[in-house]
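A short worksheet on the structure shown next.
Residue numbers (the working numbering): 1 to 226.
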C-alpha cells in the first residue's frame, strides 16, 4: 500500500530542535514514518513506507551530513525506486529522494534547514505552498512554523485521495520528545491537529518544561507535599 503523503522535516537554528509535520490519506501516518532527534536531525519515510530507512538514516546522521546519510540508508534498501524520503541534519543541511516508481503527482523541495516532499498529491502547488509558508513565517515558534507549513499544504490541495491522519513531532535534545502529537483517523486531520496543538500548548507544554532532565533530574514540578 502506498501512503500518499505530504511532509516537512526541519531544523531550527535558534533552538537546535528538529521536527516533522506530516499528513496522509491513510490511518496513523505518524506511527511508522517520523524520526527525529535534535542531536542528529529529522527523517520522514513515505510512499511505499520502509521504516528502516528512518531508523538507518537517523543513525547515519550521527556521523554523516544529510545527503550522505540518505545515500547510505537507501543503499541498504532493496526497492529504493518505490520510496520517498526527506532528511535534514543537525546543521540544517537537507536532502530528499523521490523514487521513479512513486505515484504521481510526486516530488520534493529542499532548502536551508528544511525539506518537503509529497506523493499522490493534487499537484506541485502543495509543496510550493509549504515552502512559502515555512519561509514567510520565520517569526513563529518552531512547532507553530511546522504546523503552519502543513496547513498551507493542505489548503493548496494535499493528498488527492482525501484526508485521514496527521502528526507533529518535535525533539529538543532530551531523551523524550518535546511534542509528539498525532491525529490517527479523522475527516479533517490537519485542522484537528491544530486544535490538539492548541490544547497541548496550554496544558501539556508547561508540564513538559517541568519534566526531569539529565541536567536537572528532579525537574521543576511544584510539590503538592513537602
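Cβ coordinates follow ideal geometry from the N, Cα and C atoms, glycine included.
Remember, predicted model here, so these are calculated numbers, not experimental data.
Separation of residue 145 from residue 179, as counted between CA atoms: 13 Å
Whole-angstrom distance between residue 110 and residue 88, CA atom to CA atom: 9 Å
Residues of its chain near residue 119, where Cβ-Cβ distance is below 6 Å and the 5 sequence neighbours each way are ignored: The beta carbon of residue 119 is closer than 6 Å to those of 4, 47, 84, 102, 103, 106 in its chain, skipping five residues each way along the sequence.
Proximity to residue 40 [Cα-Cα], best of 25, 19, 202, 194: Residue nearest to residue 40 within the set 25, 19, 202, 194 is 19 (criterion: CA-CA distance).
Touch test, the stretch 192–203 against the stretch 213–222, Cβ-Cβ under 8 Å, three pairs minimum: no
Opening and closing residue of the beta strand (DSSP E) in which residue 221 lies: Note, residue 221: premise wrong, no beta strand (DSSP E); not H, not E.
Rounded C-alpha distance that separates residue 76 from residue 155: Cα to Cα, the separation comes out at about 36 Å.
Spatial distance of residue 205 from residue 168 (CA atoms): For residue 205 and residue 168, the distance between alpha carbons rounds to 14 Å.
Per-residue burial, residue 165 [other beta carbons within 10 Å of its own, 16 or more giving buried]: buried
Residue 160 to residue 32 span [Cα, whole Å]: 21 Å
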